[in-house]
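Peer 1: If you're matching positions, the sequence shown starts at 0 in numbering that gives the first Met the number 0 and goes up one per residue.
Cβ coordinates follow ideal geometry from the N, Cα and C atoms, glycine included.
The structure's right below; bear with me while I get my questions together.
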Amino acid sequence: MENPIPPRKKRGRISAGLLAFDAWLDSSLYELRFRAQQFWENATIFFRRFRVKGWRRGVIEVLSESFTMAAGGSVVMLALAMPAFQETTGNWRNQDDFAVTFLDRYGNEIGQRGIIQRDSVPVDEMPDHVIKAVLATEDRRFFEHYGIDFLGLVRAMSENVRANSVVQGGSSLTQQLAKNLFLTNERTVERKVKEAFLSIWLESNLSKKEILQLYLDRAYMGGGTFGIAAAADFYFGKQVKDLNLAEAAMLAGLFKAPTKYAPHINLPAARARANVVLSNLVQAGFMTEGQVLSARLHPADIVDRGDRKSPDYFLDWAFDEVKKIAAKSGIHSLVARTTIDMNIQKAAEESVEFHLRQFGKEYHVTEGAVVVIETNGAVRAIVGGRDYGASQFNRATRAQRQTGSSFKPYVYATAMENGFTPESVISDGPISWGAWSPKNYTRGYSGRMTLSTALIKSINTVPVRLAKDHLSIPPIKAMAEAMGVESPVSSHKTMVLGTSGLTVMDQATGYSVLAQNGIVGTRHGITQLVTHSGQLIYDYSKDAPPPHRVLSEQAVASMNSIMVQIPEVGTARKAALSNIRSAGKTGTTQSYRDAWYIGYTGNYTAAVWLGNDDFSTTNNMTGGSLPAMVWQRFMAYAHQNIDLKPIPGIKDPYVDPAAIAKAEDAAKNGPQQAVDTSDRPPVLSSTTTRALRDIADVFHKAPAIVAPPEPETLSAL
0 MENPIPPRKK
10 RGRISAGLLA
20 FDAWLDSSLY
30 ELRFRAQQFW
40 ENATIFFRRF
50 RVKGWRRGVI
60 EVLSESFTMA
70 AGGSVVMLAL
80 AMPAFQETTG
90 NWRNQDDFAV
100 TFLDRYGNEI
110 GQRGIIQRDS
120 VPVDEMPDHV
130 IKAVLATEDR
140 RFFEHYGIDF
150 LGLVRAMSEN
160 VRANSVVQGG
170 SSLTQQLAKN
180 LFLTNERTVE
190 RKVKEAFLSI
200 WLESNLSKKE
210 ILQLYLDRAY
220 MGGGTFGIAA
230 AADFYFGKQV
240 KDLNLAEAAM
250 LAGLFKAPTK
260 YAPHINLPAA
270 RARANVVLSN
280 LVQAGFMTEG
290 QVLSARLHPA
300 DIVDRGDRKS
310 PDYFLDWAFD
320 EVKKIAAKSG
330 IHSLVARTTI
340 DMNIQKAAEE
350 SVEFHLRQFG
360 KEYHVTEGAV
370 VVIETNGAVR
380 AIVGGRDYGA
390 SQFNRATRAQ
400 RQTGSSFKPY
410 VYATAMENGF
420 TPESVISDGP
430 ISWGAWSPKN
440 YTRGYSGRMT
450 LSTALIKSIN
460 TVPVRLAKDH
470 LSIPPIKAMA
480 EAMGVESPVS
490 SHKTMVLGTS
500 GLTVMDQATG
510 YSVLAQNGIV
520 GTRHGITQLV
530 THSGQLIYDY
540 SKDAPPPHRV
550 LSEQAVASMN
560 SIMVQIPEVG
570 TARKAALSNI
580 RSAGKTGTTQ
590 SYRDAWYIGY
600 TGNYTAAVWL
610 GNDDFSTTNN
620 MTGGSLPAMV
630 WQRFMAYAHQ
640 NIDLKPIPGI
650 KDPYVDPAAI
660 AKAEDAAKNG
670 PQQAVDTSDR
680 PPVLSSTTTR
690 ALRDIADVFH
700 KAPAIVAPPE
710 PETLSAL
């Protein structure tokens, strides 16, 4: 047998080593604790020398708290500055080198875009009175502040309080340039914070002369012109170098409100504004009253440009489209034939302005946007806001607003593609999806109903039940994107009721699929691009990607059979067109922040949004009220003197809702009541009707036929 004692001795040595390590660790920790206490005591004794009492202690406490708050504020400011500085990435100094002249669908020139459309004039070569007029009006302390003029801000606030209105702006010239270069005109706190940081960033990276040069070259000056050089040519037919003081004052007055003071639209207002600029020159000490007297007595005259109003929101969107199309061509000086119809454009603008003037205060709504697309995909009009001069932010193509119930057609279209029909029955009852329990607008329930009834009455629980129990969210999201929605669509379950933000262009594009029998990929704003020498660069009919089908004809017919009833007996009766059958859907978001109506006929699809830039609530405005009225007004004009086309799947495109109602009332009151036939829908197309009227006019205008003489008379002769 082996002796077990040696292993015991080995374990004894290990135990002794562990005990020694434990003793060393204990002694080291004790020594470390002792030294730490000794250091703390010495430090305490040292800092006792700096203790103050009385009023000095109060000062020290205030300074200490100030340093703490400054450190915290620096962190917060850095967090706010990071998004602003991200705007400066890329070659922001490089001005757009595209110079594009735009024509409407009939070949008439409607405007230009691109800075090199007019050569930039260096600041050093501009007359002194031009620079002084701009600075006296926009930023008198431009060469003294560092991006933000706090003294100017205080002065502007005091003047506004004294006048009880906004008579002076507090933004420096650098802040205005930061907005023009990097930001939009949205009235949000985030935008103002970014503007402040970017103005300081510009002051750090550019000289004052460079900032002034960029400002004078980039500012919108009305009449579709950008930059003071283009404005001088447009309004006076002169170069900047040749402007006199009266003309310089008139141009300097345009920076504040170029649309309001544009001299080709309102010359008296422009001259009154120029007189204010002359007064600013005197008040700022840049000139004396004697020096400006001649300009007061002899105000500027302009070149007669008529009352041409440039469709600037459309041109901004079309300019982006041109840059995408021509990016690889290497040719940047182009003439673009667009799809815009200026008559429809003016009608859409007039309808928005008319209704906001009439009912804006009542509904507490200030802004609107419209997109009109013909059934062939041509974009005929874009209204991006009420006043381009006041705000160049395009609400039709850039603002993503919640859609409310106007998103439901995407849900129902998905259902129709998955075997449902308008007669399919779904329960309208209480439903919960996790912690979410959506309610109907009326807070009541109607039990089992068809999909047709649910969409016409805009029931909320039915599309939610479809998504939860039958479809799921991914197919609905995929359908919306396939129908042309370019904005990011949320994957959250609440997206079924329109919580995703979409643009007006998205909505018009998506609904146009129903007007085009399920075809997508036809939307366009440019039909041709040619050089100034006539070389063809792009032709939509040949170079555009081919369209494709996303909805079957059966699904389109099912959807349209429901959608045509919404303007007739549903939530959009104010959108009904006389003698023309239309289809559409209303939408209203939470707290009445956004109101939509998107409708279509066989000829046009149009989307209307009304709301406020600051996302404030309206006064109970729904999509079936003001937006439907805006839509109805300009669409009635757009359908005058054209060949009316049927909505796909709808046999009778010419139905007057009033005639339908009268016929229904007559049927209810019994056969003994005579039916008024004066409002019956037409049975002839507009082409046939016009042809018959032309023939009738020919007969009416033809000379009378003289009857031949009687035989007896002939014999007598």
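Could you give the C-beta distance for residue 598 and residue 574, rounded to a whole number, given that I count them as a contact under 8 Å?
Peer 2: Between residue 574 and residue 598 the Cβ distance is about 6 Å, and since that is below 8 Å, they are a contact.
Peer 1: Given this structure, state the Cα-to-Cα distance separating residue 418 from residue 411, to the nearest angstrom.
Peer 2: The straight-line gap from Cα to Cα measures roughly 11 Å.
Peer 1: Identify the continuous alpha helix (DSSP H) that holds residue 136 and give its terminal residues.
Peer 2: Residue 136 -> alpha helix (DSSP H) spans 127-137.
Peer 1: Are the stretch 386-399 and the stretch 414-428 in contact at 8 Å, needing three or more beta carbon pairs?
Peer 2: Touching, no, given that fewer than three Cβ pairs across the two stretches are closer than 8 Å.
Peer 1: Have a look at residue 97 and residue 560 and give me their C-alpha separation to the nearest angstrom.
Peer 2: C-alpha separation (whole angstroms): 46 Å.
Peer 1: May I have a chain-ordered list of the alpha helix (DSSP H) segments no shorter than 4 residues that lie completely inside the stretch 441-468?
Peer 2: Runs found: 450-455 and 460-465.
Peer 1: Can you find the residues in the same chain that come closer than 6 Å, C-beta to C-beta, to residue 125, ignoring five residues on each side of it along the sequence?
Peer 2: So the qualifying residues of the chain are 239.
Peer 1: Report yes or no: do three or more beta-carbon pairs, one from the stretch 289-302 and one from the stretch 241-252, lie closer than 8 Å?
Peer 2: The stretch 289-302 vs the stretch 241-252: in contact.
Peer 1: Per DSSP, residue 579 forms a beta bridge with which residues?
Peer 2: 576.
Peer 1: If we call anything under 7 Å between Cβ atoms a contact, is residue 257 one with residue 223?
Peer 2: Contact: no.
Peer 1: Under a three-way DSSP split, which group does residue 584 fall into?
Peer 2: Note: residue 584 maps to strand in three-state DSSP.
Peer 1: Using only alpha-carbon positions, find the residue among 201, 303 and 244 that is nearest to residue 236.
Peer 2: Among 201, 303 and 244, the Cα nearest to that of residue 236 is on 303.
Peer 1: Should residue 143 go down as buried or exposed, given a rule of 16 or more other Cβ atoms within 10 Å for buried?
Peer 2: So residue 143 ends up on the exposed side.
Peer 1: Which same chain residues, not among the five before or five after residue 524, have their C-beta less than 6 Å away from its C-beta?
Peer 2: These residues qualify, in order along the chain: 317, 320, 337, 338 and 378.
Peer 1: Only counting the same chain, and skipping five residues up and downstream in sequence, which positions put a Cβ closer than 6 Å to that of residue 464?
Peer 2: Excluding residues within five positions, the ones whose Cβ falls inside 6 Å are 425 and 430.
Peer 1: Locate the alpha helix (DSSP H) running through residue 630, then write down its first and last residues.
Peer 2: It spans 625-637 - the alpha helix (DSSP H) in which residue 630 sits, taken as one unbroken run.
Peer 1: Could you check the C-alpha separation between residue 717 and residue 616 for me, to the nearest Å?
Peer 2: Beyond the ends of the chain as shown, which are 0 and 716, falls residue 717; an answer cannot be given.
Peer 1: Count the C-beta pairs between the stretch 539-551 and the stretch 342-356 that are closer than 8 Å, then say yes if the count reaches three, no if not.
Peer 2: At 8 Å Cβ cutoff, the stretches do not touch.
Peer 1: Short check: CB of residue 586 to CB of residue 405, under 7 Å?
Peer 2: Yes, they are a contact pair.
Peer 1: Tell whether a beta-carbon distance below 7 Å holds between residue 771 and residue 279.
Peer 2: Nothing can be reported for residue 771, as the shown portion of the chain is limited to 0 through 716.
Peer 1: How big is the Cα-Cα spacing for residue 512 and residue 195?
Peer 2: If you take the alpha carbons of residue 512 and residue 195, they lie about 43 Å apart.
Peer 1: Quick test of your reading: residue 558 and residue 603, contact by CB under 8 Å. State the CB separation rounded to the nearest angstrom.
Peer 2: About 18 Å; that fails the 8 Å criterion.
Peer 1: Please look up how many angstroms separate the CB atoms of residue 109 and residue 262, rounded, as I've assumed it's under 8 Å.
Peer 2: In fact, because the Cβ distance is near 20 Å, the residues do not count as touching under 8 Å.
Peer 1: By a C-beta neighbour count over all protein chains shown, 10 Å radius and 16 as the cutoff for buried, is residue 393 buried or exposed?
Peer 2: Buried.
Peer 1: Between which two residues does the beta strand (DSSP E) containing residue 538 stretch?
Peer 2: Start and end: 535-538.
Peer 1: First and last residue of the alpha helix (DSSP H) that includes residue 233?
Peer 2: Element bounds for residue 233: 227-235.
Peer 1: Sort out for me which residues DSSP pairs residue 598 with in a bridge.
Peer 2: Answer by DSSP bridge pairing, in chain order: 583 and 605.
Peer 1: Determine which residues share a DSSP beta bridge with residue 102 and list them.
Peer 2: According to DSSP, which records beta bridges pairwise, residue 102 is partnered with 108 and 336.
Peer 1: Helix, strand or coil for residue 374, going by three-state DSSP, please let me know.
Peer 2: Coil.
Peer 1: Pick out whichever of 613, 14, 514 and 314 has its Cα sitting closest to the Cα of residue 646.
Peer 2: Cα-wise, what sits closest to residue 646 is 514.
Peer 1: Quick check on residue 528: does DSSP put it in helix, strand or coil?
Peer 2: Strand.
Peer 1: Any chance the stretch 364-375 sits against the stretch 455-462, with 3 or more Cβ pairs inside 8 Å?
Peer 2: Short answer: they don't touch.
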